[in-house]
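Let me begin by presenting the structure, written as structure tokens, before commenting on it.
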Amino acid sequence: MTGTRAAVLLAVASLSYLLLSSQVVSAASGAEVAGGAAHRKIERIAGSAGDVLEDNPVGRLKVFVYDLPSKYNKRIVTKDPRCLNHMFAAEIFMHRFLLSSAVRTLNPEEADWFYVPVYTTCDLTPAGLPLPFKSPRMMRSAIQFISNKWPFWNKTDGADHFFVVPHDFGACFHYQEEKAIERGILPMLHRATLVQTFGQKNHVCLKEGSIIIPPYAPPQKMQAHLIPPDTPRSIFVYFRGLFYDNGNDPEGGYYARGARASLWENFKNNPLFDISTDHPSTYYEDMQRAVFCLCPLGWAPWSPRLVEAVVFGCIPVIIADDIVLPFADAIPWEEIGVFVDEEDVPKLDSILTSIPIEDILRKQRLLANPSMKKAMLFPQPAQPRDAFHQILNGLARKLPHTQSVYLQPGEKHLNWTAGPVGDLKPW
Ligand SMILES: *[C@@H]1O[C@H](CO)[C@@H](O)[C@H](O)[C@H]1NC(C)=O
Ligand SMILES: *[C@@H]1O[C@H](CO)[C@@H](O)[C@H](O)[C@H]1NC(C)=O
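FYI, the numbering for the sequence shown is -27 to -1, 1 to 400, going by mature numbering (1 follows the signal peptide of the UniProt record, and there is no 0).
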């Protein structure tokens, strides 16, 4: 794009978008939106997806929480409290939430679902990166423990059990896609329901029936960075993050399947695009000043930007072909976001500048619905309609279990010795 054209576009954009005020409602605080002004800015999709977020799971399912030795959960966090803040922390908070939840039952005979609280991603490098190399052995060990101590696993080979596996490629337990595909989902988990951040259509690491959740983003921290809701959205397109991952992708092209590299090469000098690798201290504020927030794939199709964009009322521009988004059966992603094919990244400027202003305003009004924001967060303590409740709603919608869940005498599905030999070693 020439400098002149860009300048003209910027002027147009400023004129239009300065008029749009930020629609952030304080979802993280749990405060309800009140007052006429705020109401006028909010739009709901009545009678369709948007409303499912308001379902109350209490009374619709009973969950039995296995009491595992603390080496599978609590003791790991005590050793490394950094796990409470990383983007996979949902596995820890889900456990805490269920222990005091009204859906919990202490009588396993009446349970619809069994939950096995293992924290498989709480194994961090000194730099804080979660590595999943011990996860398969830990998971096998936990399943062996529950299947020896209680009769329930063997009755279904795990088909009425669920696990939170928030790592990059879920229960494939590898952070590199090729390796993850090679490994596949841990054989012991083939019948269980997986609650995971990873979602991509027709991928071996996404089992049918899995529940896709948002990654964990710290609610208090986001709350602390809220700016006045009428602040103009003066940034057209915003993105902070890596464009290349030279350390793990020295030849280039694998990381983000080249989409982020293309983003940088095409738009680094475009004044409509506020994109950079620098992560400023005003990152959250900047998202509240932006109209569009780019959510391109990285190594995995998802990132915490999805959560941040929704919470901060910035229209998420999703660049990740075949992504399956969190709670897609309850959140109208097509209505609130913009989807751009990875191969169309070079056309991103014309795609975004040609979206009619009415469409932009409508998406902003939908994003202003507090239910949308709540569903993205795991607050402590939990709140009605938050991500915990959406997971429970997802589990409740799978009930009643079909008869095929319960094994006939002699019926077996799991091969306890399948999988890489390394995974069979004791944990
Ligand atoms: C469940 O099955 C496993 C594997 O066949 C076996 O080792 C275990 O003892 C069984 N558990 C119970 C409670 O019978
Ligand atoms: C279980 O898996 C192991 C390792 O892949 C294989 O050798 C064995 O034959 C399998 N058992 C059954 C019953 O399929």
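Even glycine gets a Cβ: it sits at the ideal position worked out from N, Cα and C.
In chain order, the residues that have a beta carbon nearer than 5 Å to some heavy atom of ligand 2 are ASN388, THR390 and ALA391. Within a 10 Å sphere around the beta-carbon of SER73 sit fewer than 16 other beta-carbons, which makes this residue exposed. Exposure of VAL31 is indicated by the presence of fewer than 16 other C-beta atoms within 10 angstroms of its C-beta. By the Cβ criterion, the stretch 145 to 162 is not in contact with the stretch 196 to 209, since fewer than three pairs of Cβ atoms, one from each stretch, lie closer than 8 Å. With a threshold of 7 Å, the Cβ atom of SER114 does not count as near ligand 1, since no heavy atom of the ligand is closer than that. The three-state reading of DSSP puts ARG213 in strand, counting E and B together. When VAL394, PRO139 and PRO42 are compared, the shortest CA-CA separation from MET60 is found for PRO139.
Restricted to the stretch 258 to 297, the beta strand (DSSP E) segments that are unbroken, complete and at least 3 residues in length are 263 to 269 and 288 to 292, listed in chain order. Residue burial is scored here from C-beta neighbours: LYS320 has fewer than 16 other C-beta atoms within 10 angstroms and is therefore classed as exposed. Between MET111 and PRO42, the alpha-carbon positions lie close to 12 Å from each other.
ARG213 sits close to SER249, with the two beta carbons spaced by under 8 Å.
For the pair LEU270 and ASP295, the Cα-to-Cα distance works out to about 11 Å. Counting the other CB atoms within 10 Å of its CB gives GLN376 a total below 16, which places it among the exposed residues. If you check the C-beta of PRO81 against ligand 1, you find no heavy atom less than 7 Å away.
Using a C-beta cut-off of 8 Å, the stretch 76 to 83 makes no contact with the stretch 47 to 66, since fewer than three inter-stretch Cβ pairs fall below that distance.
Fully contained in the stretch 72 to 112 are the following beta strand (DSSP E) runs of length 3 or more, in chain order: 86 to 88. Contact annotation: the stretch 268 to 285 does not touch the stretch 323 to 330, with fewer than three C-beta pairs closer than 8 Å. Approximately 24 Å separates the beta-carbon atoms of TYR211 and ASP141; this is outside 8 Å, ruling out the contact. In the same chain as VAL318, and ignoring 5 residues on each side of it, the C-beta atoms closer than 6 Å to its own belong to ALA232, SER235 and LEU236, in chain order. Annotation for HIS140: no alpha helix (DSSP H) segment contains it, and DSSP assigns it neither H nor E. VAL311 is bridged by DSSP to VAL290. For VAL50, the secondary structure class from DSSP, reduced to helix, strand or coil, is helix. Between ligand 1 and PRO124, a heavy atom-to-CB distance of less than 7 Å is present.
In this structure, DSSP gives SER249 an extended state, which the three-state scheme calls strand. In the DSSP secondary-structure assignment, THR166 is bridged to PHE135.
The three-state reading of DSSP puts PRO205 in strand, counting E and B together. Per DSSP, reduced to three states, the secondary structure at GLN173 is strand. Using a cutoff of 7 Å, the CB of SER120 counts as near ligand 1, since one of the ligand's heavy atoms is closer than that. Beta-bridge pairing by DSSP links ILE116 to no other residue. Using a Cβ-Cβ distance cut-off of 8 Å, the stretch 303 to 317 and the stretch 338 to 345 are in contact, since at least three pairs of beta carbons, one from each stretch, lie closer than that value. Distance between PHE209 and LEU279, taken at the CA atoms: about 17 Å. Rounded to whole angstroms, LYS194 and ASN58 show a C-alpha spacing of 10 Å. With a cut-off of 8 Å on Cβ pairs, the stretch 87 to 95 is in contact with the stretch 130 to 138, counting three or more such pairs. Between ASN243 and ASP359, the beta carbon gap of about 37 Å keeps them out of contact (Cβ cut-off 8 Å). VAL36 carries a strand assignment under DSSP once its states are collapsed to helix, strand and coil.
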